[in-house]
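Residue numbering for the sequence shown follows the working numbering, beginning at 94 and increasing consecutively. Just so you know, even glycine gets a beta-carbon here, dropped at the ideal spot from N, CA and C. Since the structure is predicted, the reported quantities are computational estimates derived from the model, not experimental observations. To start, the structure under review is shown below, and the notes come after it.
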Amino acid sequence: MRRKYGNISNAVKSVVRKYPYIIPCLSMGIINYSKLASQIKGDVDTLLDVDVNIDSIKMSLIRYSRELETYYNLRDSINVLSGSSLQLISDVVLVTVELSTLLNVFDKILSILSGRRFIQITQGRNTATLVMEYNVYEDLMDEFKDVISIMDNKAAILIVSPEDIIYTPGVIYLISCLLYVNKINITQIISSYIDTIIIVDRAYGSKACEVIDEFIKWYRGGSNGDRTIL
């Protein structure tokens, strides 16, 4: 085991990466290194199969935080999200069917797409999930055979971002964190070019949209000027 991780520094990095929510705090230097060293010591000891000095773990954490400063920050992803626009679709249904069923109703789906009503299709190996407005579901429901699951009373938040989202890591992480800390569960995330669609329970649709919208307005500056990006 020791040969695999080599030294304390590599073992510490390996352990920390198992807890991705720690990484932003390390990169910003806003963490109690002594406490973190104490908490991960058991894992580091296990990886190296020795009793590692806790001060050595602490120093490895400090060095790692300095490495993270140089390449890990959320500035670019914050800029992308703050340049995005939002739309809430408040009555959405998710239907998962056998792939053969999708093929049978594809012509009707194309006619719906041409009418610019909301429908999104995600294809798996043997199944397909359709996310659609309830009135679209009403038009299609009699056509569906071999239905695997139906999830109604959902809402969709459509986020249209600058093209930079294609090349910028961390935007989905930001959105997920915003909803997580507000105790909003994400049912599904769908991406299509510069569009990101977040599916949540209908009861939380307005709140989810408001949380993301407040974040966007905050980092656009509003009437209070530029905001600090940690």
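Delimiting residues of the beta strand (DSSP E) encompassing Ile202: Segment Phe199 to Ser207 is the alpha helix (DSSP H) holding Ile202; no beta strand (DSSP E) there.
Three-state secondary structure (DSSP) of Asn219: Residue state, collapsed to three classes: coil.
C-beta contact flag for Asn275 and Val293 at 7 Å: no
With 16 other Cβ atoms within 10 Å as the buried cut-off, status of Thr163: Around the beta carbon of Thr163, fewer than 16 other beta carbons lie within 10 angstroms, which makes this residue exposed.
Straight-line Cα distance separating Tyr266 from Lys300: 18 Å
Between the CA atoms of Ile155 and Ile279 - distance to the nearest angstrom: 34 Å
Backbone secondary structure at Asp144 - three-state DSSP: coil
Closest by C-alpha distance to Asp257, when choosing among Ile133, Ser170, Val105 and Asp136: Ser170
Length at least 4, wholly inside the region 107-139: the alpha helix (DSSP H) runs in chain order: When DSSP assignments are scanned along the region 107-139, the uninterrupted stretches of alpha helix (DSSP H) that are 4 or more residues long and fall wholly within it turn out to be 116-121.
C-beta contact flag for Val186 and Tyr230 at 7 Å: yes
C-alpha distance - Gln281 paired with Glu160, whole-angstrom precision: 34 Å
Inter-residue spacing [alpha-carbon to alpha-carbon] between Ser120 and Thr261: 18 Å
Reduced DSSP category for Thr194 - H, G, I as helix; E, B as strand; rest coil: helix
Nearest to Leu192 (by Cα), restricted to the options Gly314, Ser131, Lys238 and Gly298: For Leu192, the nearest C-alpha among the options comes from Lys238.
Residue-chain proximity (Val240, chain B), Cβ-Cβ < 7 Å: Absent from the structure: chain B. Only one protein chain is present.
Distance between beta carbons of Gln213 and Ile283, contact taken as under 8 Å: 6 Å
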